[in-house]
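Protein sequences, first through last, are from chains A and B. With the first letter of the first sequence counted as 1, position 286 gets the number 289 in the numbering used here; the numbers rise by one all the way through. With the first letter of the second sequence counted as 1, position 72 gets the number 75 in the numbering used here; the numbers rise by one all the way through. From the three backbone atoms N, C-alpha and C, an ideal C-beta is built for every residue, glycine too. Here the structure is a predicted model, which is why all the values come from computation and not from measurement. Reading through the structure tokens given below for one structure.
2 protein chains.
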Amino acid sequence: MKLPGQEESDVSSAYENVPTGELDSGPGSRPSPSGSSDTDSRELGVTKDPLLFIQLNELMGWPKALEWRETGRWVLFEEKLEVGAGRWSAPHVPTVALPSLQKLRSLLAEGLVLLDCPARSLLELVEQVTGVESLSPELREHLQSLLLQRPQHLIQGTDTRLCWGSAHPREASHDEEAPLKEQRQNPLRKKLPPGAEVGAVLAGELGFLAQPLGAFVRLRDPVVLGPLTEVSLPSRFFCLLLGPPTLGRSYREMGRAVAILLSDPQFQWSARRASSLHDLLAALDAFLEEVTVLPPGRWDPTARISPPKCLPSQHKRLPLQMQEAKSPSAWRRARFEHRRGHLPHEPSPELQRTGRLFGGLVQDVRRKASWYPSDFLDALHPQCLSAVLYIYLATITNAITFGGLLGEATDGAQGVLESFLGTAVAGAAFCLMAGQPLTILSSTGPVLVFERLLFSFSRDYSLDYLPFRLWVGIWVATFCLVLVATEASVLVRYFTRFTEEGFCALISLIFIYDAVSKMLSLTYAYPIQRPGSPAYGCFCQYPDPGGNESQWTRTKPKDRDDILSMDLGLVNASLLPPPECARRGGHPRGPGCHTVPDIAFLSLLLFLTSFFFAVALKHVKTSRFFPSVVRKVLSDFSSVLAILLGCGLDAFLGLATPKLMVPKEFKPTLPGRGWLVSPFGANPWWLSVAAALPALLLSILIFMDQQITAVILNRAEYRLQKGAGFHLDLFCVAVLMLLTSALGLPWEQRLTGLMVFLLTGISVFLAPVLKFIPMPVLYGIFLYMGVAAISSIQFTKRVQLLLMPAKHQPDLLLLRHVPLSRVHLFTAIQLVCLGLLWIVKSTPAAIIFPIMLLGLVGVRKALEWVFSPQELLWLDELMPEKKSIPEKRLAPEYSFSASDSEDSDLMYQPKAPEINISVN
Amino acid sequence: MKLPGQEESDVSSAYENVPTGELDSGPGSRPSPSGSSDTDSRELGVTKDPLLFIQLNELMGWPKALEWRETGRWVLFEEKLEVGAGRWSAPHVPTVALPSLQKLRSLLAEGLVLLDCPARSLLELVEQVTGVESLSPELREHLQSLLLQRPQHLIQGTDTRLCWGSAHPREASHDEEAPLKEQRQNPLRKKLPPGAEVGAVLAGELGFLAQPLGAFVRLRDPVVLGPLTEVSLPSRFFCLLLGPPTLGRSYREMGRAVAILLSDPQFQWSARRASSLHDLLAALDAFLEEVTVLPPGRWDPTARISPPKCLPSQHKRLPLQMQEAKSPSAWRRARFEHRRGHLPHEPSPELQRTGRLFGGLVQDVRRKASWYPSDFLDALHPQCLSAVLYIYLATITNAITFGGLLGEATDGAQGVLESFLGTAVAGAAFCLMAGQPLTILSSTGPVLVFERLLFSFSRDYSLDYLPFRLWVGIWVATFCLVLVATEASVLVRYFTRFTEEGFCALISLIFIYDAVSKMLSLTYAYPIQRPGSPAYGCFCQYPDPGGNESQWTRTKPKDRDDILSMDLGLVNASLLPPPECARRGGHPRGPGCHTVPDIAFLSLLLFLTSFFFAVALKHVKTSRFFPSVVRKVLSDFSSVLAILLGCGLDAFLGLATPKLMVPKEFKPTLPGRGWLVSPFGANPWWLSVAAALPALLLSILIFMDQQITAVILNRAEYRLQKGAGFHLDLFCVAVLMLLTSALGLPWEQRLTGLMVFLLTGISVFLAPVLKFIPMPVLYGIFLYMGVAAISSIQFTKRVQLLLMPAKHQPDLLLLRHVPLSRVHLFTAIQLVCLGLLWIVKSTPAAIIFPIMLLGLVGVRKALEWVFSPQELLWLDELMPEKKSIPEKRLAPEYSFSASDSEDSDLMYQPKAPEINISVN
């Protein structure tokens, strides 16, 4: 069960969502001084302020060679110019000394504030700004020429080549207001969304000024201020802070303070709407009311704080007056929702019971029908091509791995070929019909486990497996239809994280156990030759011409190069290796003839290599090396690359390791069966009825597996717009069960695009290539899948807590609110449940394990007697830790992660949380 | 070359240094309002303020069940009570909202400030504090009883068991001022240094108060305030902040603000000396002048900032007025020293040339003689025992590894036994005589390389190795004496990091290359049997009774169980394994008789296992799992444990892997030589003169190796008090060279304690155990040493930068100040030098590579033409990155690391930087 579409949504929504999301939730929370309809704009999202790019131009070189240089820029965070190194710093949380803000406030209070200034060019603006009485005419002219001077920008290309934006830094260019080539070509511009505006801050020390000069301008109509700004976008704000030289670079710091203020969504919102200086100062004071203070002795002011993974919800910045204006009950409810994100016992409309037979299915079809054409049109995007490639490779890797194991589990009754075909047929059909096409149908762990149990059951009782399986399939389809008819999908709301984690942990453990045990079984098949072990030696014995083996005569060597038969002076025998011996008509004799040396250790090496290589490649994504495109490819295709490496290593050494078994032609893996399974075969007639029992179990399993995946996919973080289709999905599964059972293909697959499954279908003809894949490599990948799955759940993190001394535990919110002993108790209960499931799975009663899984829901219900609702809220119902911080749940668009953004210096891409509760 | 003593200084100086260091550099930098002799106290360090432990008792439960509960505590950082979870949070940088500080200021301005209050008990204090006029008598009595109420403390034991400190939280205990049992037993008390004082802050909302009540008390004589505080230490400050309930928990936040102020060294210093309310408010304003502000929209105020690795130097907090008061030149000089820590071209007294023959040696002996007795007395500390164990194991691991390789390098002319003896004899002697006994003498990479080159040279020219080597040793001793006489050690100041890194990188690469090539050579010795390879099959051929091998007669099997000779129907032949065959008088015949299967892959597995296990164990130190004692042991003994694991795995499988060769008795490894090497042997007489040439090279090598280590050890970070003894050390080396050459023991070893080397001497008798160590395991450890050494140098970090896109590069100070292209150029030059060294090392001219190493000094000198002094300052002369932040160099005691401090919640242990430029 993998959740696809993360890749796509990552990329496509990166630029649209960040700024709008920010400005969406930002304004309106603080009462607007000018009294505009801020509440409406927040609630209805009618007006969205454009994104503001802020840059600070600093006056350098006083007194000898004055020049403006851009030394800082802001969108969400701050980037500083490293003057010595000539590069932009990494984005970081802006910090400023408190006195700079206070000095700025007094400078603004005494200075010039122009709101809705009608200037239409830099020249007009400069004239307006320098039009204050205190300046003498000469000073004014000097100042104007200085302000019109072209500033230096450090423009950083995508290829990290740098160039200084201004070739003639000290040439005054009064009439040259057209954007420069560097400005237009600045790659930053492409990263800013359409409609973005600029706030330009100019600050510095100027010796000929007798007193400070401060000006804050809001332009009525934003205008491109010639070469003033790094990007040729229209400027909305212009701020000038000049004064006589003082100790410390105070004007620069004041300039940073203005820039930080403007980059604050609340202040910016107020500044856009301020009608007087008073409004502006009030906004500044409101900002000061909310700042956090770091004490000087415990914090190095030069340290840079990396952007936090999650930004605080702007809802927290609601002033108290507004909170009280709401009715108390509404407020309490909002608080509650705030904590919970959504109320778990108030199901979404998709999960409300209609009370009619197939009512849910009908509703699903109605709801989904309107989106059906868009499902295809949405795919006409170039990014979908790379998604298809990725999902295709993931699907066939999966099909190969599961096919290989299925072949072993069913003694070859099914194999890789069936795995491919089943994936392709069912996937494509589900893609066309299902309610939630983002679910990928593919073989999953629990079904594989069940299939193996069913096979060993039918072998133990000498049943004809495939017909028996057909009947199980027919019954499962029936049960699924019943579940659809009775709208059983509404039960999914009782599946909490407790259930999901139990399910996932069991499957992951089965994966890990199977991978290791299969690897170890290879060391029995290919024993290691210890010194003194009897399995030593083998030679080749030829029958003598008379056919009497026991009569030994001395033969001449056939030719002088035949060292094996010649050198030993043997009679009718040589030391030819067994295959060669057989080819020449001899018989290999001796206890060592059936042992192949070196295979056991080589298999172990291949197993470990593919496992560790897959793990390492997966982690490449978060490394600092290579461009992010390379890292992403390496990480996304880690399994494929690990398999390729394993095959390469195996081929290089050329030893006879066990390989994947694939049929040489396009026919069922089991010899002597057609594509259609006969419904009766050699089984007695009553078996078709008895098959209902395992079918019931399998139905439970499929229901849980499919629905848990859908629940996760439909969670709020993915911001899916088209609604869910739980009933429809289950209906599709029912139909597909019938189809795959009749064809004898593996059950239960999922989908994301017709393309992928068409490709998978074609891949059936990959057989000649697949036979070079060594089995130990597949075991290694299998182990990797299990380990990756079990590492991804919060349960594992809590188990790790058991081993950590309290003071070294990470600062999880969970641990801030629940006593450690209660956390450990919850973990212990989960461990016991898992242990019981494992025991059941290992006994002859294994086939009933789906019922035990369902039992987890009951155990979870019983836990409500043990834990307080508050504790369960933190322990169970929230999402895995990284998303569980409740303050952040209302604003998923704030979930930034800078590590991936290769070509966005200032913008952050929201990262969809990675959930992988079960194994693909 | 490992630098010992880090472990000891870590532990012993933890508590003494942190608080005093903090208070030492803290006060005095801000001008004292009361005008006391702050400059003197700073410069001379006469008065040191005691450490202040601050706790916040919060009034909870209004209006129903009022009780005080300790919800926060501070020493260097803040710990919060997690009320829900019932535990103390991890220490973090305290942050507070700006309005809380402002509200606190106005409350203090209006409230009661008692400086040098003479109260001698809690009762007296409470009476004084509540003696304000505004309170009615009933209110006063009510308040007094509330203030005397025993508060609840969460006391956290070292075993992480928790108990609530007050059994009767709501029982007023007017006369019960004796410290409680919980207070006395609080493990926190042991962690606070003697003389520590408490600052108690009481804050909360009290409904029956009509107006806020603020009181700040400084007690004239600190007094234990009964059960008020968590630890029963005398309180110096008492602050009460009560008021009517308001929105938000403003009094609690004001209480936190007071606590944060008091935990600030500057404010605390002023508060201790304030003589009026005005002084106190001035100190608060001075604090506000220096705070850093985090904007609300970009920072979640609930996020907790981990304590920074390094705290800002309090010298930076010098106000501008004071900076200017200094003479400009003094200020510039201070700024320069501030950047550089110490001036590199102004050598320390140890490195000043005297101009007399052996002048430096005489000075060293004089300087060191006074410390000689203390060198022994200092060792009478229980922590030295664990250090001895650690260094002993490290030394024998080293001796085994190097001995094994030396044995291979010299075809058994020397071996493990010699390695042990050499280490023991030279180590013990150096320990007794040398100037810097903290240097550990032991075999090092470059000398091993040289020894191998010398051996192949003498083999190629059919020289008698050991006598030749004796002469080389005699010459080296002579040269060393000349170097001592001419005080050549003063040259070490030309060894910058450039030289050190070139030296270290070469040695590390040799280690890595050797380990891998030796491992691969095993696959030639034990070939892998590919299908169709001719090396297949072997059987055992018996001579017939007549002794004529070529005549084959059929023999009866000797007994029915002898399957090997019976089952095959062979004549005079069986498939017995070769050793068994030889035992029974037969001859193994066939190409497969000399191949041992599975050994190659098993060796590879052992090699990889020991390497990765050693790496993983080394990293356990920084993991969150296990108590820190366990982690420290696992990490410190990673090599030993990895060797043990490798041996265990090898023994479990029981294959005939190649093992370490050790003589069975205590005699030289080479058969037929005595312990004393004859000075002439079979060599011509002129060879004793010609040996001067290789001796010159070896002298350079030893000089560089030994002096570079000493330079690093004597760097300021280690705060060694007894001074260096470069000349004396070199003299000792000269004497020891003579001794080891005459005995034919490996050269060049170092030391830390007689004990270790006595133990090492005794370990010579470990031989019966050592023969179980497989060689691939040693190669793995060898690889680990090389990789660990090369990872530890800044050069490697800069090479990694070459592979990183600019925007993903870490925020190194280096990169903030030097353009990336210049950094890359410097790295490239180092790479070229390394490449040249490698080429020289690989050609027949290899033996001159010590001269090339010396050439690095010249290259570094030439670099001054290519790079600006400013660039070289950042690139070369500073210490490796983590110590290079110049702001932090003046205050090494601020180098905290919380990860190791198992039993100190509030205190941090300064961590000595780990330097390991070469390989132990």
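Collapsed DSSP secondary structure at residue i in the structure displayed
| i | result |
| --- | --- |
| H156/A | coil |
| I510/B | helix |
| P79/B | The question names Pro, but residue 79/B in the sequence shown is Leu. Coil, per DSSP. |
| M707/B | helix |
| Q812/A | coil |
| I854/A | helix |
| L236/B | coil |
| F482/B | helix |
| W302/A | coil |
| E73/A | strand |
| V862/B | helix |
Residue closest to residue i, alpha-carbon to alpha-carbon, out of the options
| i | options | result |
| --- | --- | --- |
| G858/B | R255/B, L704/B, E200/B, L287/B | L704/B |
| D517/B | R462/B, A289/B, M778/B | M778/B |
| K800/B | L786/B, L818/B, G783/B | L818/B |
| L607/B | P581/B, W478/B, V780/B, L84/B | V780/B |
| I513/A | S92/A, A585/A, W868/A, L456/A | L456/A |
is_contact[residue i, chain A] using C-beta, thresh 8 angstroms
| i | result |
| --- | --- |
| L456/B | no |
| E292/B | yes |
| K624/B | no |
| G589/B | no |
Any C-beta of chain B under 8 angstroms from that of residue i
| i | result |
| --- | --- |
| Q797/A | no |
| Q155/A | no |
| D814/A | yes |
- Item | Inter-stretch contact (C-beta, 8 angstroms, three-pair minimum) for the region 119 to 138 of chain B and the region 213 to 220 of chain B | yes
- Name, going along the chain, the residues of the region 260 to 283 of chain B whose beta-carbon falls closer than 7 angstroms to a beta-carbon of chain A. I263, D267, P268, Q269
- Using a Cβ-Cβ cut-off of less than 9 angstroms, list which residues of the region 294 to 306 of chain A approach chain B; keep chain order. V294, T295, V296, L297, P298, P299, G300, R301, W302, D303, P304, T305, A306
- Message: Along the region 99 to 119 of chain B, where does the CB come closer than 7 angstroms to a CB of chain A? Name the residues.
- Response: V99, A100, L101, P102, L104
- Members of the region 626 to 644 of chain B that neighbour chain A once the beta carbon cut-off is set at 8 angstroms: R627, F628, F629, P630, S631
- Query: Is the region 256 to 271 of chain B touching the region 224 to 233 of chain B in the sense that three or more CB pairs, one from each, lie closer than 8 angstroms?
  - Reply: no
- Message: Taking 8 angstroms as the cut-off, does the region 94 to 108 of chain B touch the region 196 to 204 of chain B (at least 3 CB pairs, one atom from each stretch)?
- Response: no
- Anything in the region 819 to 852 of chain B with a Cβ closer than 9 angstroms to a Cβ of chain A? List those residues in chain order, please. Of all residues in the region 819 to 852 of chain B, R819, H820, V821, P822, L823, S824, R825, V826 have a Cβ within less than 9 angstroms of some Cβ in chain A.
- Name, going along the chain, the residues of the region 48 to 77 of chain B whose beta-carbon falls closer than 7 angstroms to a beta-carbon of chain A. none
- Query: Contact between the region 812 to 826 of chain B and the region 469 to 488 of chain B: three or more CB pairs below 8 angstroms?
  - Reply: no
- Decide if the region 787 to 794 of chain B is in contact with the region 822 to 834 of chain B; the criterion is three or more beta carbon pairs, one per stretch, under 8 angstroms apart. no
- Output, in sequence order along the chain, the residues in the region 189 to 207 of chain A whose CB is closer than 8 angstroms to any CB in chain B. none
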